[in-house]
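Taking it in order: structure first as structure tokens, then the write-up.
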Amino acid sequence: MMSDQSECRSWRSVASLLGDDPHASIALLGLPLGEKSLTPGRCDLAPSVVRKALLRLSTYDLERDLSLDHLKILDGGDLMLKAMSPAEAYQPIADRLAELAHKRDLTLVLGGNNAITRPALAGLAKARGLGLDRVGLLTLDAHFDLRDTDCGLNNGNPVQGLLDDGLPGNQIAQIGLQPFANTKRMADKARQAGIAVYPMARVMERGLAASIDAALAGLQERVDVIYVDFDIDVIARHEAPGAPGARPGGVSAHDFFAAACQIARHPKVAMVDLCEFDPALDMSDITALVAARWMAEILMGYGLRHRMVTDC
Ligand SMILES: [Mn+2]
1132 MMSDQSECRS
1142 WRSVASLLGD
1152 DPHASIALLG
1162 LPLGEKSLTP
1172 GRCDLAPSVV
1182 RKALLRLSTY
1192 DLERDLSLDH
1202 LKILDGGDLM
1212 LKAMSPAEAY
1222 QPIADRLAEL
1232 AHKRDLTLVL
1242 GGNNAITRPA
1252 LAGLAKARGL
1262 GLDRVGLLTL
1272 DAHFDLRDTD
1282 CGLNNGNPVQ
1292 GLLDDGLPGN
1302 QIAQIGLQPF
1312 ANTKRMADKA
1322 RQAGIAVYPM
1332 ARVMERGLAA
1342 SIDAALAGLQ
1352 ERVDVIYVDF
1362 DIDVIARHEA
1372 PGAPGARPGG
1382 VSAHDFFAAA
1392 CQIARHPKVA
1402 MVDLCEFDPA
1412 LDMSDITALV
1422 AARWMAEILM
1432 GYGLRHRMVT
1442 DC
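In the numbering used here, the protein residues as written are 1132 to 1443.
Structure representation (structure tokens):
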């Protein structure tokens, strides 16, 4: 039997939450920035691939028995960044996010390579009328992203760029750093800057959730808003084959999803990005589905923060 409620062909998907309501308290922006990746690739394809994958996610969370149906997201589309270098894309990204994040609780950013993080954080600061001395940065990333900036901006130096901009190191926490994936020079820089560093072994030992709790507790004392960079390469490579920098021994997709919800629940978290997904490297849509679920978990965390998710 067919009826309007029939789910014989489709269901309500996370993609259906995206719309053009200017009063939505959440915004989404795609940043297809692919130039100057240290491993050349196609991170520019990620926003459209993740958008398609959202159609495969129901708005209903069986495990929590909660639904995302009451959330509204203003879809800011994808910024036109074709063939732009990170240096050229800096101002357009910062300006667009300053506009989109203005008077909004939470803005989700779909990269793009990791070079998006520096201008996106600048956009958040501008949207809130804050100097960098009032903004915190949490990264979930296998890498410090503290490469030197003397040969220009790339996806390996956004955190160095932010330090150069004046973001105090003791307002930065970095979780999931992998051994043999960073240099002593980078570790020394992080230590000298006062960055809170959580290498992968320590994360595995105490748990990702406890590490995030500790990192957020440290940041929330010092800042008004927190930006969170989710570099998908923090996940073990078999669960994120579309992340060029991912390695065996990373966090599980399961823990990554829980982390996204936990982080988005925090009242000071105002902007989150997901970056370093290269669909050209993906296998069987694994990374695309990880990225889509990341977005669902961010929305769930936000919904729990504001009691906007409802029992079904
Ligand atoms: Mn990174």
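Here a beta-carbon is modelled for each residue, glycine too, at the ideal position from N, C-alpha and C.
Query	Result
Between the Cα of Leu1162 and those of Asp1404, Gly1434, Ala1423, spot the shortest distance and give me the residue it belongs to.	Asp1404
Could you name the residues of the same chain whose beta carbon sits closer than 6 Å to that of Asp1226, not counting the 5 residues immediately before and after it, in chain order?	none
Checking 8 Å against the spacing of the C-beta atoms, do Asn1244 and Ser1168 come in under that value?	yes
Given Tyr1433, which residues of its chain have a CB within under 6 Å of its CB, disregarding the five upstream and five downstream residues?	Leu1237, Ala1395
At a threshold of 7 Å, does His1274 count as lining ligand 1 (C-beta to nearest heavy atom)?	yes
Is the Cβ-Cβ distance between Ile1357 and Val1400 less than 8 Å?	yes
Measuring CA to CA, which of Ala1377, Trp1425, Tyr1329 is closest to Asp1413?	Ala1377
Please classify Leu1212: does DSSP put it in a helix, a strand, or coil?	coil
Is Glu1138 near ligand 3, with its Cβ less than 7 Å from a heavy atom?	Inclusion of ligand 3 in the displayed structure is not the case, the ligand content consisting of ligand 1 alone.
What does the Cβ neighbour count give for His1385, buried or exposed, with the cut at 16 atoms within 10 Å?	exposed
In the structure shown, what three-state DSSP assignment does Ser1415 receive?	coil
I'd like the span of the beta strand (DSSP E) that includes Gly1376, first residue to last.	Counting along the chain, Gly1376 falls outside any beta strand (DSSP E), and DSSP gives it neither H nor E.
Shortest alpha-carbon distance to Met1211 belongs to which of Leu1205, Ile1204, Glu1219?	Glu1219
Going straight from the alpha carbon of Met1431 to that of Val1328, what length do you get?	27 Å
State yes or no: is the C-beta of Leu1202 within less than 8 Å of the C-beta of Ala1158?	no
Ligand 1 and Asn1245: does the residue's C-beta get closer than 7 Å to at least one heavy atom of that ligand?	yes
Based on DSSP bridge pairs, tell me the residues matched to Pro1330.	Leu1308
Do you know how far the Cα of Ser1156 is from the Cα of Cys1443?	With a pLDDT of 49 at Cys1443, under the threshold of 50, the predicted position of this residue should be treated as unreliable, though the coordinate-derived value follows. In a straight line, the C-alpha of Cys1443 is about 22 Å away from that of Ser1156.
Extract the residue ranges of the alpha helix (DSSP H) inside the segment 1334-1359, only unbroken runs of 4 or more that lie entirely within it.	1339-1351
May I ask you to report which of helix, strand or coil DSSP gives Gly1297?	coil
I'd like the list of long-range same chain contacts for Ser1216, defined as Cβ closer than 8 Å, with 5 residues on each side in sequence excluded.	Glu1166, Lys1167, Gly1283, Leu1284
Let me know the alpha helix (DSSP H) ranges lying completely inside the segment 1227-1294, each 4 residues or longer, listed in chain order.	1248-1258
Could you give the distance in angstroms between the alpha-carbon of Pro1178 and the alpha-carbon of Gln1393?	23 Å
Restricting to runs no shorter than 3 residues, where is the beta strand (DSSP E) found entirely within the segment 1139-1164?	1157-1162
Using CA coordinates, which residue listed in Phe1408, Leu1164, Glu1230, Gly1292 is at the minimum distance from Val1099?	The structure shown does not extend to residue 1099, since the chain is modelled only from 1132 to 1443, so the question has no answer here.
Quick check: what's the CA-CA separation for Leu1164 versus Ala1411?	14 Å
Under the rule that 16 or more other beta-carbon atoms within 10 Å means buried, what is Gly1150, buried or exposed?	exposed
With a Cβ-Cβ cutoff of 8 Å, do Val1421 and Ala1371 count as a contact?	yes
Closest by CA to Ile1363, which one among Ala1340, Leu1268, Pro1171, Asp1272?	Asp1272
So Leu1252 and Val1266 are in contact, right, with Cβ under 8 Å, and what is the actual spacing, rounded?	6 Å
Which first and last residues belong to the beta strand (DSSP E) in which Ala1401 is found?	1400-1406
Is Asp1409 a contact residue of ligand 1, with contact defined as CB to any heavy atom under 7 Å?	no
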